[in-house]
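Report on the structure given below.
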Ligand code: AMP
Ligand code: TRP
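Numbering (our numbering), first residue to last: 2 to 332.
Now the structure itself:
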């Protein structure tokens with residue numbers, strides 16, 4: 002059976018981008034068709050300046066939202082990364098397989114490192130080595146497929162390279178994984194700046210739809226989305242990124258494809274109105290389930306504890322095998 006692994010970082014409130022690019026497929030497709038694990042990757046949240054209480058709060062919220070989005074602990078494994086030591090154990094071995102140059106070429110590092118410096122802080126070494134930990138997350142479970150948004154494909158490529166290199170040097174140990182981005186909404190853009198990804202750790206609220214935004218807040222954000230000069234509704238990602246983003250969001254929410262949908266509109270206003278309502282409808286059940294789950298925090302905790310136990314059992318033999326293959330004495 003296909004093994005699927007994916008994760009979400011508790012660095013901010015989860016967004017419509019997280020949902021359409023990743024989480025929705027995890028719930029609607031992956032957990033039904035594959036042996037799937039979904040992880041709140043809290044260790045990754047420590048790679049940039051962080052507040053411990055906030056990371057704790059956001060980790061709990063992310064786990065609750067994964068369940069609210071429809072992940073069913075009877076069908077898949079939901080857990081928190083730091084509860085399973087195997088991730089950090091394997092990460093060190095993979096640091097001995099990855100190269101310094103490879104890390105410095107990662108797009109996200111090149112984008113984020115100067116940002117951290119501009120904020121007056123130093124760049125954490127873990128920001129540089131982050132993709133290795135992500136590779137460990139993936140390889141520890143013998144993962145075949147990694148359902149992620151577009152922004153993560155370079156990181157999954159690295160995991161592939163490291164798996165191939167390790168297997169070549171030390172004998173076949175790891176499955177070589179591949180990224181599986183969604184057909185539409187692989188990169189939902191910021192509504193106020195459609196040339197930038199809608200990212201949860203960015204500070205600019207008005208261009209980001211959060212999963213827990215009230216319906217009226219969602220409507221306001223979509224209605225105020227920056228569109229392009231011109232009036233015709235055409236699907237052109239390069240030339241008309243604002244309108245293209247709305248069409249993709251609409252297509253992802255109600256089905257259909259962005260190009261075909263563009264023909265149904267003769268004004269930006271009408272497109273925005275329908276997109277706003279489609280988003281509100283997609284978020285409604287998630288928000289309802291989230292409210293219910295918040296009333297029962299002990300349930301969420303139980304799910305995470307059980308999830309970590311299952312994950313540990315799966316990862317342990319793989320990581321032990323890697324320790325032996327690379328030349329470490331069995332304990
Ligand atoms: P992150 O928020 O970086 O932890 O991402 C969690 C998952 O959501 C990853 O699979 C990302 O690729 C996906 N994702 C995050 N932001 C977006 C976006 N704006 N559009 C599409 N997918 C996204
Ligand atoms: N780096 C991913 C992101 O920012 C999160 C992540 C960490 C992940 N480990 C992973 C995603 C393993 C898929 C598989 O979105």
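Just so you know, even glycine gets a beta-carbon here, dropped at the ideal spot from N, CA and C. These figures come from a predicted structure and were not determined experimentally.
Inter-segment contact for the stretch 142-162 and the stretch 117-126 is absent: fewer than three beta-carbon pairs are separated by less than 8 Å.
Annotation: residue 190 to residue 32 spans about 26 Å, alpha carbon to alpha carbon. Straight across, the Cα-Cα distance linking residue 100 with residue 85 is about 25 Å. In this structure, residue 212 and residue 95 do not form a Cβ contact; the two beta carbons are roughly 32 Å apart against a cut-off of 8 Å.
Judged by DSSP secondary structure, residue 38 falls within the beta strand (DSSP E) whose first and last residues are 36-41. Residue 92 is positioned such that its CB atom lies no closer than 7 Å to that of residue 47.
Closer than 6 Å to some heavy atom of the ligand AMP: that describes the Cβ of residue 198. As the crow flies, the alpha-carbon of residue 303 is around 32 Å from that of residue 174. Shown here, residue 175 sits in coil according to DSSP, grouped into three states, outside any helix or strand.
With a cut-off of 6 Å, the C-beta of residue 311 is classified as distant from the ligand AMP, since no heavy atom of the ligand falls inside that distance. In its chain, beyond the 5 residues on either side, 223, 224, 226 and 247 have a beta carbon closer than 7 Å to the beta carbon of residue 273. Not one heavy atom of the ligand TRP falls within 6 Å of the beta-carbon of residue 274. Residue 253 sits close to residue 21, with the two beta carbons spaced by under 7 Å. Bridge partners of residue 8 according to DSSP: 40.
Beta-bridge pairing by DSSP links residue 113 to no other residue. Separation of residue 263 and residue 321 (C-alpha to C-alpha, rounded to the nearest whole angstrom) is 53 Å. Of the residues assessed, residue 298 falls on the exposed side of the cut-off, its CB having fewer than 16 other CB atoms within 10 angstroms. Residue 45 has its CB nearer than 6 Å to a heavy atom of the ligand TRP. Around residue 312, the same chain offers 38, 78, 80 and 85 as residues with beta carbons nearer than 7 Å, after the five sequence neighbours per side are excluded. Secondary structure note for residue 130: its alpha helix (DSSP H) is the uninterrupted segment 126-140.
With respect to the 7 Å criterion, residue 11 and residue 63 are classified as neighbours on the basis of their beta carbons.
For residue 78, the enclosing beta strand (DSSP E) has its first and last residue at 78-81. Residue list for the ligand TRP: 6, 7, 8, 10, 42, 45, 135, 138, 139, 147, 149, 153 and 156 (CB closer than 6 Å to any heavy atom, chain order). Taking the Cβ of residue 61 as the reference point, every heavy atom of the ligand AMP lies at 6 Å or farther away. The three-state secondary structure of residue 107, taken from DSSP, is coil. Counted as a single uninterrupted DSSP element, the alpha helix (DSSP H) harbouring residue 291 occupies residues 269-295.
Residue environment for residue 66: buried (at least 16 other C-beta atoms within 10 angstroms of its C-beta). The alpha carbon of residue 56 has as its nearest neighbour, out of 309, 70 and 13, the alpha carbon of 13. Residue 180 is bridged by DSSP to 147.
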